[in-house]
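Asker:
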Amino acid sequence: MTLTLSYHWRNLFVRKTTTALTVLVIAAVVGTFTWLLGFVVALSDSLAVAADPRKVIVMQRGSISETNSALPPEDFNKLMQISEVASDGQPLISPEMMVQVSLARVRDGGTTQANVAVRGVTEAAFKVHRNVKLLGAAFSTGAPEIIVGRKAAQQFQGLQIGQSIRLGFSGTREYKVVGYFSAAGGPMESEIWGYLPSLQSAYGRTVYSAASLRLADGADAAAVVKQIDGPAIQLEAMTESEYWQNQSSNVRFYQAVCYVLVGMMSLAAVFSVANTMFSTVAGRTREIAMLRTIGFSPGQVRLGFVIESVLLSLVGGAIGCAGCAAYLAIMGNTKDMFGASNFTTIAFEIHLTPLIIAGAMLMVAIVGVLGSLAPASRAARIQAIAALREP
Amino acid sequence: MTLKLTYLWRNLTRNPVRSLLTCAAVGLPILIYVLSISVIHGIERFLDNSAQQLRLAVTHKTSIINPLPAGHRQKIESLDPTHARILTVCGVRWIGGQIKDDPRQLTTLAVDHDTFASTFPDFGLKPDEQAAWLRDRQALAAGGATATQFGWKVGDKVTIWPSVPPYVGMEFHIVSIGPDAADPTTCWCRRDYLDEGLKNTGAPGGLVSFFFLRCASKDDLEHFRVAIDELFARTPDETLTQDEKAFMNQFITQQFNLPRNLSILAAATVFVAIMAAANTMSMNFRDRLNEYATLKSLGFRSGLVFSLIQSESMLLCAIGGLAGAATPFIAFNYTPLREVQIPLILTLQVAAADCLAALGISLLIGVISAIWPSLMAARLHVVAALRNLE
Chain Y
1 MTLTLSYHWR NLFVRKTTTA LTVLVIAAVV GTFTWLLGFV VALSDSLAVA
51 ADPRKVIVMQ RGSISETNSA LPPEDFNKLM QISEVASDGQ PLISPEMMVQ
101 VSLARVRDGG TTQANVAVRG VTEAAFKVHR NVKLLGAAFS TGAPEIIVGR
151 KAAQQFQGLQ IGQSIRLGFS GTREYKVVGY FSAAGGPMES EIWGYLPSLQ
201 SAYGRTVYSA ASLRLADGAD AAAVVKQIDG PAIQLEAMTE SEYWQNQSSN
251 VRFYQAVCYV LVGMMSLAAV FSVANTMFST VAGRTREIAM LRTIGFSPGQ
301 VRLGFVIESV LLSLVGGAIG CAGCAAYLAI MGNTKDMFGA SNFTTIAFEI
351 HLTPLIIAGA MLMVAIVGVL GSLAPASRAA RIQAIAALRE P
Chain D
1 MTLKLTYLWR NLTRNPVRSL LTCAAVGLPI LIYVLSISVI HGIERFLDNS
51 AQQLRLAVTH KTSIINPLPA GHRQKIESLD PTHARILTVC GVRWIGGQIK
101 DDPRQLTTLA VDHDTFASTF PDFGLKPDEQ AAWLRDRQAL AAGGATATQF
151 GWKVGDKVTI WPSVPPYVGM EFHIVSIGPD AADPTTCWCR RDYLDEGLKN
201 TGAPGGLVSF FFLRCASKDD LEHFRVAIDE LFARTPDETL TQDEKAFMNQ
251 FITQQFNLPR NLSILAAATV FVAIMAAANT MSMNFRDRLN EYATLKSLGF
301 RSGLVFSLIQ SESMLLCAIG GLAGAATPFI AFNYTPLREV QIPLILTLQV
351 AAADCLAALG ISLLIGVISA IWPSLMAARL HVVAALRNLE
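Protein chains in written order, with our numbering: chain Y, 1 to 391; chain D, 1 to 390.
1) Given a cut-off of 8 Å, decide if residue 82 (chain D) and residue 118 (chain D) are closer than it, judged by their beta-carbon atoms.
2) Excluding sequence positions up to five away, which residues of its chain have a Cβ less than 7 Å from the Cβ of residue 186 (chain D)?
3) At the level of alpha carbons, what is the spacing between residue 384 (chain Y) and residue 282 (chain Y)?
4) So with CB distances below 7 Å, who are the chain Y contacts of residue 37 (chain D)?
5) I want to check one thing, is the minimum distance from the CB of residue 139 (chain D) to the heavy atoms of the ligand NAP below 7 Å?
6) Are the beta-carbon atoms of residue 128 (chain Y) and residue 94 (chain Y) separated by less than 8 Å?
7) Does DSSP put residue 114 (chain Y) in a helix, in a strand, or in coil?
8) Residue 211 (chain D) bridges to which residues according to DSSP?
9) Run down chain Y in chain order and give the residues with a C-beta less than 8 Å from the C-beta of residue 56 (chain D).
10) Please identify the residue among D:139, D:166, D:169 whose C-alpha is closest to the C-alpha of residue 156 (chain D).
11) How would you call residue 387 (chain D), buried or exposed, if buried means at least 16 neighbouring beta carbons within 10 angstroms?
12) DSSP state of residue 353 (chain Y), grouped into three classes?
13) For residue 64 (chain D), which residues in the same chain have their Cβ closer than 8 Å to its Cβ, ignoring the five residues on either side in sequence?
14) Could you check which residue in Y:272, Y:337, Y:179, Y:253 has the C-alpha nearest to that of residue 417 (chain D)?
15) Between the segment 79-103 of chain Y and chain D, which residues of the former have a C-beta closer than 8 Å to a C-beta of the latter?
16) Can you find the residues in the same chain that come closer than 6 Å, C-beta to C-beta, to residue 107 (chain Y), ignoring five residues on each side of it along the sequence?
17) Please list the terminal residues of the continuous alpha helix (DSSP H) segment that includes residue 72 (chain D).
18) Please list, in chain order, all residues of the same chain as residue 241 (chain D) whose beta carbon is under 6 Å from its beta carbon, the five residues on each side excluded.
19) So with CB distances below 8 Å, who are the chain D contacts of residue 341 (chain Y)?
20) Return the first residue and the last residue of the beta strand (DSSP E) that residue 175 (chain Y) is part of.
21) Determine the DSSP secondary structure at residue 9 (chain Y), reduced to helix, strand or coil.
22) Kindly list the residues whose CB is nearer than 7 Å to the CB of residue 125 (chain D), restricted to its own chain and excluding five residues on each side of it in sequence; keep chain order.
23) Strictly under 8 Å for the Cβ-Cβ distance: is residue 357 (chain D) near chain Y by that measure?
24) Any idea if residue 66 (chain D) is buried or exposed, counting beta-carbon neighbours within 10 angstroms, 16 or more meaning buried?
25) Give the residues of chain D in contact with residue 333 (chain Y), contact being defined as C-beta atoms less than 7 Å apart.
26) Below 7 Å on C-beta distance, what does residue 394 (chain Y) contact in chain D?
27) Which residues in chain Y sit within 8 Å of residue 18 (chain D), going by Cβ to Cβ distance?
28) With H, G and I counted as helix, E and B as strand and the rest as coil, what does DSSP make of residue 193 (chain Y)?
29) What number of angstroms, rounded off, separates the C-alpha of residue 125 (chain Y) from the C-alpha of residue 330 (chain Y)?
30) Restricting to Cα atoms, I'd like to know which of Y:159, Y:86, Y:186, Y:191 is closest to residue 178 (chain Y).
31) When the Cβ atoms of the segment 263-277 of chain D are set against those of the segment 24-31 of chain D, are three or more pairs found closer than 8 Å?
32) Taking the straight line between their C-alpha atoms, what separation do you get for residue 152 (chain Y) and residue 186 (chain Y)?
33) Are there 16 or more other CB atoms within 10 angstroms of the CB of residue 102 (chain D), so buried, or fewer, so exposed?
34) Along the chain, where does the alpha helix (DSSP H) that runs through residue 99 (chain Y) open and close?
35) At which residues does the beta strand (DSSP E) containing residue 336 (chain Y) begin and terminate?
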């Protein structure tokens, strides 16, 4: 026999002020936590799409981003000797050039500018980057045309079909937007793609920036990376996931700092819950003694107070999540981040997914349990006879 | 007075668990508040310094990765032949860099050596160091935090592998370490040495990532911010000129926007502290209702009852706030934590002023959290309250 949930639920309304204040403490902590979690999950989701284990990015030795890398054709040709590369008649190796263009953000009406990646590609890119899907026309190889990633088109100005942007070493070549593409939500959706030879000539370059390889089924990516780093090829290689881990390392560091601070806030919430529960237990001594007298065990009393505390916390958690959702709805949920060393803006959107809400609720439940442990034990130790005898 | 203090102290200690939990629930948010504000103020100090230096940053209009020809410097200088309004112009090229087999990234900038010291006086190059800087093409001036992180001393030889062409290890001689440099995580080297390295590998030299120029006054800053872009309008290599604060701010806002996110966090923590303390005060009020009624029936005035509750709340929050503010102040000023090799901590300054402000805020938290109980107690109807006595 256990106490019913409705008993605990009704108890929360006995001391309305105390309950409301405790709920607000928890709501503030959970609201902050949920926002942070939303940011992390949105960023991770976007980067996880890019973590194709069969894709390897090759750059010049010493470079850590495609932007800063320069890969001469003769170095590129050395990659042809790698037998693990997938093939459809030709090895699936995509030579690419990476530059940027400064574009105004939509979300603040164009007062700030983002550095949007422009990737020069050939037909091979669409075979190597499998998740890239054209939505509409492709760029032609003869005219100065570009296609734009879905998120870039939403978040940066001047990227609607028919509009033009200026690119090139001196920023003097006009390129017309002719179509969009998606990349399963990955970071490439924040990019602009154009035809490699055309962009090379616009930037006065004869070299590529980097190359992407698609490995054959069952190939060992680590071995390929090692072979490329080795004496025969002497280039820098990393898997796609490793590359994006590096690029987001700075943001992740700041997030970690905020996590520590939110963790400390949760501890404050635990103390606040404990305070409330101690007071609840003290105020209900006779009631607890009565429960013990009619046959409830100390364990059941203890569990009862833990449940009550968790209920209290969950109410706070629900309000916190709702507050966070309202904040995102009012203040906007589009964000972008700057890669650690590629100078490229990755756009993403924060959504409160069921997983994030579940995570926040789990965190609150832990706060509720931790906050109630000591008060619930005190309740369980109440001696029924002595307590009933008290006035 | 003594009676009042004794009364307050007795009240605080008669439910020690509740007082301790409240102190902790106020102290922890205050601690987070102090840390957040210290980081925010650090960033603000950095940006304010940028604003005070009256510097403009000139980049390529297309994007910051498009290089500008080094020859733009003469054209910018020719806007003011007297050098009275544009004091000095310095070309800067970003080369990033890494020490071999060390994953940590460096921020290395190759600059025009003749105008480095005059354009960036906030690095703090001393006169003898400047002589060495001008004499030695391989000179490196390292920011204090980076030097500490890598254990560098003046006179050391270090090999840095740039993240851009020529990609080969370049040996540098450390001529200066700027312990008080405005940007302690940046290292500076000479652009002529970089161009020499580029020439050896066949890569083009004579290019810069941005120009920094120092103006004589705020008006000049505003004037040339527009004039430089007009000078290069409708030419190849159009420019985008911003004051240095705006230029730096765009990097900060794009990297998690730490100042804004920490401000929200700080506001949330103060809210948490207010609610936690208010909870305690309202629980106290409920428990002591008959005491307040008794006090009033004995003839204590409403004002005194009000001030007793307010003082108790302020004292409680001040104790919590003192613990919360003193902990980071001592930890970051007087313990080995000061030396932790993380740039964010190396540049973190927990100032006494911020800690005192936090203490003030905790007093305010005390006042706000006791408003409702103290007003209720002051307005208490003696007869009605005593009738409720069990």
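Glycine included, C-beta positions come from ideal geometry on N, C-alpha and C. Keep in mind the model is a prediction, meaning the values are calculated, not measured.
Answerer: This is what the structure holds:
1) The residue labelled residue 118 (chain D) in the question sits at position 118 within the second sequence. The residue labelled residue 82 (chain D) in the question sits at position 82 within the second sequence. No, they are not a contact pair.
2) Position 186 of the second sequence, counted from the first residue, corresponds to residue 186 (chain D). The answer, listed in chain order, is 107, 109, 143.
3) By one-based count along the first sequence, residue 384 (chain Y) stands at place 384. By one-based count along the first sequence, residue 282 (chain Y) stands at place 282. Computed Cα separation, rounded: 14 Å.
4) The residue given as residue 37 (chain D) occupies position 37 in the second sequence. Per Cβ cutoff of 7 Å: no residues; residue 37 (chain D) is ~12 Å from chain Y at best.
5) Among the components of this structure there are no ligands whatsoever, and the ligand NAP is therefore not found.
6) The residue you call residue 128 (chain Y) lines up with position 128 of the first sequence. The residue you call residue 94 (chain Y) lines up with position 94 of the first sequence. When the beta-carbon positions are compared, residue 128 (chain Y) and residue 94 (chain Y) come within less than 8 Å of each other.
7) Residue 114 (chain Y) sits at position 114 when you count from the first residue of the first sequence. Three-state result, residue 114 (chain Y): strand.
8) The residue you call residue 211 (chain D) lines up with position 211 of the second sequence. Bridge partners of residue 211 (chain D): D:58, D:91.
9) Here the question's residue 56 (chain D) lines up with position 56 in the second sequence. Within chain Y, no residue has its beta carbon less than 8 Å from that of residue 56 (chain D); the closest one is some 17 Å off.
10) As a first step, residue 156 (chain D) is located in the second sequence; it is residue number 156 there, counting from the start. Nearest in C-alpha terms to residue 156 (chain D), of all of D:139, D:166, D:169, is D:139.
11) As a position in the second sequence, residue 387 (chain D) is number 387, starting the count at 1. The residue is exposed, with fewer than 16 neighbouring Cβ atoms inside 10 Å.
12) On the first sequence, residue 353 (chain Y) is found 353 positions in, with the first residue counted as 1. Looking at residue 353 (chain Y) - three-state DSSP - the assignment turns out to be coil, as it is neither helix nor strand.
13) Taking the first residue of the second sequence as 1, we reach residue 64 (chain D) at position 64. Listed in chain order, the non-local C-beta contacts of residue 64 (chain D) below 8 Å within the same chain comprise 209, 210, local neighbours out to five positions each way being set aside.
14) Any answer about residue 417 (chain D) is impossible in this case: the structure gives chain D only from 1 up to 390.
15) Taking a C-beta cut-off of 8 Å against chain D, the contacting residues of the segment 79-103 of chain Y are 99, 100, 101, 102, listed in chain order.
16) Here the question's residue 107 (chain Y) lines up with position 107 in the first sequence. Hits under 6 Å: 332, 334.
17) Residue 72 (chain D) sits at position 72 when you count from the first residue of the second sequence. Start and end: 72-77.
18) Within the second sequence, numbered from 1, the residue matching residue 241 (chain D) stands at position 241. Same-chain partners within the cutoff: 56, 58, 225, 228, 229.
19) The count along the first sequence starts at 1 and reaches residue 341 (chain Y) at position 341. Chain D residues near residue 341 (chain Y): 96, 105, 163.
20) One-based indexing of the first sequence puts residue 175 (chain Y) at position 175. Where residue 175 (chain Y) is concerned, the enclosing beta strand (DSSP E) stretches over 173-182.
21) On the first sequence, position 9 is the one that residue 9 (chain Y) refers to. Three-state result, residue 9 (chain Y): helix.
22) Numbered from 1 along the second sequence, position 125 holds the residue referred to as residue 125 (chain D). Annotation for residue 125 (chain D): 117, 133, 141, 176 place their beta carbon closer than 7 Å to its own, counting only its chain and skipping 5 residues before and after.
23) Looking up residue 357 (chain D) in the second sequence gives position 357. Under the 8 Å criterion on CB atoms, residue 357 (chain D) is classed as non-interfacial with respect to chain Y.
24) Here residue 66 (chain D) is taken as the residue at index 66 of the second sequence, counted from 1. It counts as buried.
25) Start at 1 with the first residue of the first sequence, and residue 333 (chain Y) comes out as number 333. Within chain D, no residue has its beta carbon less than 7 Å from that of residue 333 (chain Y); the closest one is some 14 Å off.
26) Since the first residue of chain Y shown is 1 and the last is 391, residue 394 (chain Y) is not available in this structure.
27) Residue 18 (chain D) sits at position 18 when you count from the first residue of the second sequence. Correct list: 275, 278, 279.
28) Within the first sequence, residue 193 (chain Y) is the residue found at index 193, counting from 1. It is a strand residue.
29) Counting from 1 along the first sequence, the entry for residue 125 (chain Y) is found at position 125. Counting from 1 along the first sequence, the entry for residue 330 (chain Y) is found at position 330. Residue 125 (chain Y) and residue 330 (chain Y): Cα-Cα distance of roughly 39 Å.
30) Mapped onto the first sequence, residue 178 (chain Y) falls at position 178. It is Y:159 whose Cα lies nearest to the Cα of residue 178 (chain Y).
31) Enough Cβ pairs lie closer than 8 Å, so yes.
32) Along the first sequence, one-based indexing puts residue 152 (chain Y) at 152. Along the first sequence, one-based indexing puts residue 186 (chain Y) at 186. If I take the Cα positions, the gap works out to 11 Å.
33) Taking the second sequence and counting its residues from 1, the one referred to as residue 102 (chain D) is at position 102. Burial call: exposed.
34) In the first sequence, counting from the first residue as 1, residue 99 (chain Y) sits at position 99. DSSP places residue 99 (chain Y) outside any alpha helix (DSSP H); the residue lies instead in the beta strand (DSSP E), whose first and last residues are 93-104.
35) Position 336 of the first sequence holds residue 336 (chain Y). Taken as a continuous stretch (DSSP letters only), the beta strand (DSSP E) holding residue 336 (chain Y) covers 334-338.
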